[in-house]
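**Student:** One structure, as structure tokens, below. Some questions next.
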Amino acid sequence: MVVMEEMSEEWNFRLADARDVETLVEFNRAMASETESKDLDLAVLTTGVENLLRDTRYGFYVVAEYCATANEREVAGALLVTYEWSDWRNGVFWWIQSVYVKPLFRRQGVYRRLYEFIKQRAAKESNVCGFRLYVEKENRVAQATYEQLGMTETYYRMFEELCGR
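This is how it looks when you write it as structure tokens:
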């Protein structure tokens, strides 16, 4: 897979790789704690992140690095894209998941730039028909952000049943 990067004076947006496992695990644990008061199993989560990075059939992570200096970089945010085939559209929806931005970097456009990065990447693919994500009902700040970026709320509610994992 070709790694595409977008550089600016202070920011670098790129596909995540093995060097990001620890940070992605940390971000996922923080997000689960903040949004659902869940404490994710460290071993399961680490293996899940590693497996996704190894097998791109499932999706990919994108990270936003803040570049304080040429040699000093800090991953400030990340998101995960997974795939859903749509027979209605004969294309693939990219589901945006596991969005996390460190508190210090929130409300500074990090998510907007991550979203722009994946939209530019999707424009180069022939089968991407749209983007989807789910958001907590009470998270009005995130909902406003998604709407400002052109996303609209759908008619559907989400249901699930977990399979003993």
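Per numbering that gives the first Met the number 0: the sequence shown = residues 0 to 164. C-beta atoms are modelled at their ideal positions from N, C-alpha and C, and glycine is treated no differently. Since we're looking at a predicted model, the values are computed, not measured.
Tyr99 bridges to which residues according to DSSP?
**Tutor:** Here the question's residue 99 lines up with position 100 in the sequence shown. Its beta-bridge partners are Ala77.
**Student:** Taking the Cβ atom as the reference point for each residue, do Val62 and Val43 lie within a distance shorter than 7 Å?
**Tutor:** What you label residue 62 is simply residue 63 of the sequence shown in a count that begins at 1. What you label residue 43 is simply residue 44 of the sequence shown in a count that begins at 1. Contact flag unset, no.
**Student:** Taking just the CA atoms, how far does Glu25 sit from Trp10?
**Tutor:** The residue labelled residue 10 in the question sits at position 11 within the sequence shown. The residue labelled residue 25 in the question sits at position 26 within the sequence shown. For Trp10 and Glu25, the distance between alpha carbons rounds to 20 Å.
**Student:** With distances taken from CA atoms, which of Glu124, Gly163, Val100, Cys162 is nearest Ala141?
**Tutor:** Counting from 1 along the sequence shown, the entry for residue 141 is found at position 142. It is Val100.
**Student:** At the level of alpha carbons, what is the spacing between Glu33 and Cys128?
**Tutor:** Taking the sequence shown and counting its residues from 1, one reaches residue 33 at position 34. Taking the sequence shown and counting its residues from 1, one reaches residue 128 at position 129. Approximately 31 Å between the Cα atoms of the pair.
**Student:** Can you check which of these residues, Glu160, Val134, Trp84, is closest to Thr153 by C-alpha distance?
**Tutor:** Within the sequence shown, the letter at position 154 stands for residue 153. Here the closest residue by C-alpha is Val134.
**Student:** Kindly identify the DSSP beta-bridge partner or partners of Gly129.
**Tutor:** Counting from one through the sequence shown, the residue named residue 129 turns up at place 130. In the DSSP output, where bridge partners are listed per residue, Gly129 has Phe92.
**Student:** If you run the structure through DSSP and keep just helix, strand and coil, what is Glu35?
**Tutor:** The residue labelled residue 35 in the question sits at position 36 within the sequence shown. The answer is helix: DSSP assigns Glu35 an H, G or I state.
**Student:** Cα separation between Thr55 and Arg18?
**Tutor:** Numbered from its first residue, the sequence shown carries residue 55 at position 56. Numbered from its first residue, the sequence shown carries residue 18 at position 19. Their backbone Cα atoms lie some 16 Å apart in a straight line.
**Student:** Go ahead and pull the three-state DSSP assignment for Arg106.
**Tutor:** In the sequence shown, counting from the first residue as 1, residue 106 sits at position 107. Residue state, collapsed to three classes: coil.
**Student:** Could you tell me which residues DSSP puts in a beta bridge with Phe59?
**Tutor:** Counted from its first residue, the sequence shown places residue 59 at position 60. Its beta-bridge partners are Val80.
**Student:** Excluding the five sequence neighbours on either side, which residues of its own chain have a C-beta within less than 6 Å of the C-beta of Glu64, listed in chain order?
**Tutor:** Here residue 64 refers to the residue found at position 65 when the sequence shown is read from its first residue. Asn11, Arg72, Val74.
**Student:** By a C-beta neighbour count over all protein chains shown, 10 Å radius and 16 as the cutoff for buried, is Phe14 buried or exposed?
**Tutor:** What you label residue 14 is simply residue 15 of the sequence shown in a count that begins at 1. Position check: residue 14 holds Leu in this sequence, whereas Phe was assumed. Burial call: buried.
**Student:** Can you tell me which of Leu79, Met157, Arg156 puts its alpha carbon nearest to the alpha carbon of Ile117?
**Tutor:** Residue 117 sits at position 118 when you count from the first residue of the sequence shown. If we check each option's Cα against that of Ile117, Leu79 comes out closest.
**Student:** Got a sec? Which residues, its chain only, sit under 6 Å from Leu39 by beta carbon, not counting five neighbours each side?
**Tutor:** Within the sequence shown, numbered from 1, the residue matching residue 39 stands at position 40. These residues qualify, in order along the chain: Arg28, Ala31.
**Student:** Going by other Cβ atoms of all chains shown within 10 Å of its Cβ, with 16 needed for buried, is Met6 buried or exposed?
**Tutor:** Taking the sequence shown and counting its residues from 1, the one referred to as residue 6 is at position 7. Any reading at Met6 must be qualified, since the residue scores a pLDDT of 47, below 50, and its modelled position is unreliable; no value is offered.
**Student:** Which residue from Gln147, Arg131, Leu51, Arg156 puts its Cα closest to that of Glu83?
**Tutor:** Your numbering for residue 83 matches position 84 in the sequence shown. Checked all of Gln147, Arg131, Leu51, Arg156; the closest Cα to Glu83 is Arg131.
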